[in-house]
Amino acid sequence: MDGPTPSPSDANLIAEGLASLTRWSSTLRWSDIPPAIQRRAAVVLADDLAAIVAARDEPELIGLHDGMARSSGAAEATVFNARGQRLDRYSAATANGSAADWCELDEGYRRVICHAGLYCVPALLAEAEAIGAVGEDTLRALAIGYETAARVARAFTWSTLTLHPHGSLAAVGAAATVAALRRLPAETAAAAIGSAATMVVPGPFNHTVQGALVRNVWPGVGAWSGLRAVDWASFGITGRPESLHDVYAAAFGGETHPGELTIELGSSWALADGYHKLHACCQYAHSAVEAMLAALEQVPGGGAAVKAIHIDTHWRGQKLDNVHPATTLAAKFSMQHILASTARHGHAGAEAFHASTLRDRETAALRETVSIGAFDPEPEWPNDRPARVTVETADGAKVTEECLSARGGPDRPFDPSVIRDKIRGIVAVPYPAMAPLLERLVALDPALLSAPWDRTVAEMTKGARP
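Residues in the sequence shown are numbered consecutively from 0, following numbering that gives the first Met the number 0.
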């Protein structure tokens, strides 16, 4: 893999940075975390749990869950598919992790390419239920895991979309979270995180655009690997202090930024820079969706009147180029399908990416008309994922709308009620008791913060309806 020749000193700086990070996190108390960040941790957990539930009816995922159930050890943790499945913690983490990104509704970290919550929550849910951790400790571990995953993501960057972070970062986030929940000493936590880095999946980014469903299981594999890395570190099975550098810089060719592991540690929180999704597709295209929706408001007849579409967008969005997506995953990473189906449906929710839309003749015909260009010059963050959409109608009229930054990020956050309604809309039918409990958790209800997580899960899943 092409990349800069790493400096030997960078390896030492990365090792020292990770050691400093785990020294800080291992002594962090719940009361040390600002209340706003405590609430953010609860929102991320609730939102990503809803994303897991949203995928429960996907046929391939049902097969994966049932296959894991046949080989599972003793039941320790819940698979959130409303079918009453409980597996050993490693299998449950894998099953839930494979579901969490399936519908593209999970939370993400906006400053770099990273879905930090996704890399932490599946392993956390399984471990917390298995050991009966209280809610406060569960959220503390998530805040630490999220901070660690985001900082590692910032410490190594690439100029191309070559590696997909669901493969390359999930194990690190899982290990950091589980180490925090088990309250491991700083040295052991650092060793587990380094070991987890050597166990990541070098998943190619193009698998998303081409729709290879194996991409969806990378977070699940990472959850398993992260859990095991923590187990094994306690037995002395570890990598090197420099393992992060060995993997991400020396092996994967990333550019190193060692200072990102410690800069403003404890004063600037990664959770504050997360984003949430209502559109069930790649976040790189959310500005495109919002520009399209704004344009449709000015088109008499709405999407049915649209005959051609042009988009100018950022360089990452330009990579979402697939006129003929073969799977629902490919559709969610196809700019052509995203724009065409948004025009046809008037939204970019799950229905716009259902398998039937791949075969819909009018959607397919409209996909063929989509042209993609560059948004030049590209603005700085947070407007670094812009879109300018022009729709043309049958009579030759054109409407152009622009969105510099999609809603849901730190610069344009959703009102809390929007995320609450999203979660309730997903979980209310399969888990009637879940939404009220998650709302109490987001409100940092002291009773839930002090309750064992296994008891909370039992209450949330009571009355489940497949």
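From the three backbone atoms N, C-alpha and C, an ideal C-beta is built for every residue, glycine too.
In this text the structure is predicted, and so the values were computed from the model without any measurement.
Between A307 and E377, the alpha-carbon positions lie close to 24 Å from each other.
Within the DSSP bridge table, the entry for V288 names no partner. In terms of Cα proximity to S25, the closest of A175, G407, L292 and R85 is A175.
C-alpha of A125 to C-alpha of A94: approximately 10 Å in a straight line. Within the same chain, E103, T207, L319, K331, F332 and I337 come within 8 Å of C281 by CB-CB distance, once the 5 residues on both sides are set aside.
Per DSSP, reduced to three states, the secondary structure at F204 is coil, with no helix or strand assignment.
With fewer than 16 other beta carbons inside 10 angstroms of its own, P445 counts as exposed. In the DSSP annotation of this structure, the continuous segment of the alpha helix (DSSP H) that includes R358 starts and ends at A354 to R358. Exclusion of the five residues before and after I418 leaves V42, D46 and H275 as the residues of its chain whose Cβ lies within less than 7 Å of its Cβ. In this structure, E128 places its C-beta atom within 8 Å of the C-beta atom of W452. Straight-line spacing of the CA atoms in G424 and P240 works out to 45 Å. Judged by their CB atoms, Y118 and V171 are nearer to each other than the 8 Å cut-off. P257 sits buried, since 16 or more C-beta atoms from the chains shown fall within 10 Å of its C-beta.
Annotated as distal: Q335 and A373, with beta-carbon spacing of 8 Å or more. Comparing alpha carbon positions, the residue from A249, T137 and L277 closest to P415 is L277.
Between G96 and E106 the beta-carbon gap is near 14 Å, outside 8 Å, which marks them as no contact.
Residue pairing by DSSP puts I371 in a beta bridge opposite I310. Taking a contact to require three or more Cβ pairs closer than 8 Å, the stretch 187 to 204 and the stretch 218 to 235 qualify as touching. Positions of the alpha helix (DSSP H) runs, each at least 4 residues long and wholly inside the stretch 72 to 141, are given as 88 to 99 and 115 to 130 in order along the chain.
With respect to G72, L260 sits apart: the two C-beta atoms are not nearer than 8 Å. Non-local C-beta neighbours of A339 in its own chain, meaning closer than 6 Å and more than five positions away in sequence, comprise T362, L365 and R366, ordered along the chain. Taking a contact as a CB-CB distance under 8 Å, the pair G193 and G238 counts as one, their CB atoms being some 5 Å apart.
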